[in-house]
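Colleague: Going from the sequence shown to our numbering is simple: count from 1 and add 75.
This is the structure I have questions about; it appears just below.
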Amino acid sequence: MIFYIIAFFIVALDQFTKWLVVKNMELGESIPIIQNFFYLTSHRNRGAAWGILENQMWLFYIITVIVVVAIIYYLEKHAKGKYLFQLSLSFILGGAIGNFIDRVFRQEVVDFVDTYIFTYDFPIFNIADSALTIGVILMFIQLIIEAREEKEKKNE
Ligand SMILES: CCC[C@@H]1OC(=O)[C@@H](C)C[C@H](C)CCCCC(=O)CCC[C@@H](CC)/C=C\C=C(/COC)CC[C@@H](O)[C@@H](O)C[C@H](O)CNC1=O
């Protein structure tokens, strides 16, 4: 249950920050937070990461619904007791729902985190993307731990 609450807070934080950006910033406006490193830039994306599959909204609805159903199924059936796995699923769930709300009500995703990693202007993203990426990383860590445990069991 706690993991649905985590997902809810991620959605709430994501939607609140996007609302602030839409309400207080012009499209394309950029506010330097840390010169040459971190800016708040009001941006919209009609695609997925790096703007791929632009305007394929139905594809995004289908993928997101599959992702959400799969996560709830795993949280209920296979992730009991594996807290890192459950945490990764709640982060991915929150991120997917956050961007889904944008896609349904705005037909585009609001992005505002604009970082320059060295000179490369990394794609502008949002809280939902961060939660998705953190969730994906945590899931990889969980899978590596499980693979190690399997190996140790075999070696015993
Ligand atoms: C993060 C997933 C993208 C997110 O997927 C979603 O919504 C999911 C729930 C639904 C999609 C239809 C399906 C995912 C397609 C897979 C994908 O895309 C490969 C992802 C790689 C990823 C490692 C996991 C790298 C990093 C990305 C970025 C940096 O993220 C910190 C760039 C984000 C900016 O391009 C920003 O404009 C994106 C915009 O906000 C819309 N966001 C989405 O489509």
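Every residue gets a Cβ at the ideal spot worked out from N, C-alpha and C, and that includes glycine.
Specify whether the segment 97 to 113 and the segment 188 to 204 touch according to this definition: at least 3 beta carbon pairs, one from each stretch, less than 8 angstroms apart.
Modeller: Judged by Cβ distances under 8 angstroms, the segment 97 to 113 makes contact with the segment 188 to 204, as three or more pairs qualify.
Colleague: Enumerated in chain order, which unbroken segments of the beta strand (DSSP E) with a length of 3 residues or greater are wholly contained in the segment 90 to 116?
Modeller: Runs of the beta strand (DSSP E) inside the segment 90 to 116: 105 to 109.
Colleague: Are three or more beta carbon pairs between the segment 171 to 188 and the segment 83 to 100 nearer than 8 angstroms?
Modeller: As far as the Cβ criterion goes, the segment 171 to 188 touches the segment 83 to 100, which means the pair count is three or higher.
Colleague: Would you say the segment 159 to 175 touches the segment 206 to 217, given that touching needs at least three Cβ pairs under 8 angstroms?
Modeller: Yes: the two stretches touch, three or more of their Cβ pairs being nearer than 8 angstroms.
Colleague: Can you tell me the Cα-Cα spacing of A222 and L213, whole angstroms?
Modeller: Whole-angstrom Cα-Cα distance: 14 angstroms.
Colleague: So, using beta-carbon positions, are A171 and V211 closer together than 9 angstroms?
Modeller: No, the Cβ-Cβ distance between A171 and V211 is not below 9 angstroms.
Colleague: When the distance is taken between beta carbons, is G126 closer than 9 angstroms to T116?
Modeller: Cβ atoms of T116 and G126: not closer than 9 angstroms.
Colleague: Report yes if the C-beta of D189 is less than 8 angstroms from at least one heavy atom of ligand 1; otherwise report no.
Modeller: The answer is no for D189.
Colleague: Taking only heavy atoms of ligand 1 into account, decide whether any of them is closer than 8 angstroms to the Cβ of W94.
Modeller: For ligand 1, not one heavy atom lies less than 8 angstroms from the Cβ of W94.
Colleague: Express the C-alpha separation of P198 and R181 in angstroms, rounding to a whole number.
Modeller: If I take the Cα positions, the gap works out to 20 angstroms.
Colleague: Given this structure, state the Cα-to-Cα distance separating N99 from L134, to the nearest angstrom.
Modeller: Their backbone Cα atoms lie some 31 angstroms apart in a straight line.
Colleague: Is the separation between the beta-carbon of A123 and that of G169 shorter than 9 angstroms?
Modeller: Result no, Cβ atoms of A123 and G169 do not sit closer than 9 angstroms.
Colleague: Can you tell me whether A87 is buried or exposed, with buried defined as 16 or more other CB within 10 angstroms of its CB?
Modeller: A87 is exposed by the Cβ-count criterion.
Colleague: Which residues share a DSSP beta bridge with Y195?
Modeller: Y195 is bridged to I192.
Colleague: Do I81 and F166 have their C-beta atoms within less than 9 angstroms of each other?
Modeller: Yes, they are a contact pair.
Colleague: Which residue's Cα is closest to the Cα of F78: N174, I137 and L164?
Modeller: Taking only the C-alpha atoms, the option nearest F78 is L164.
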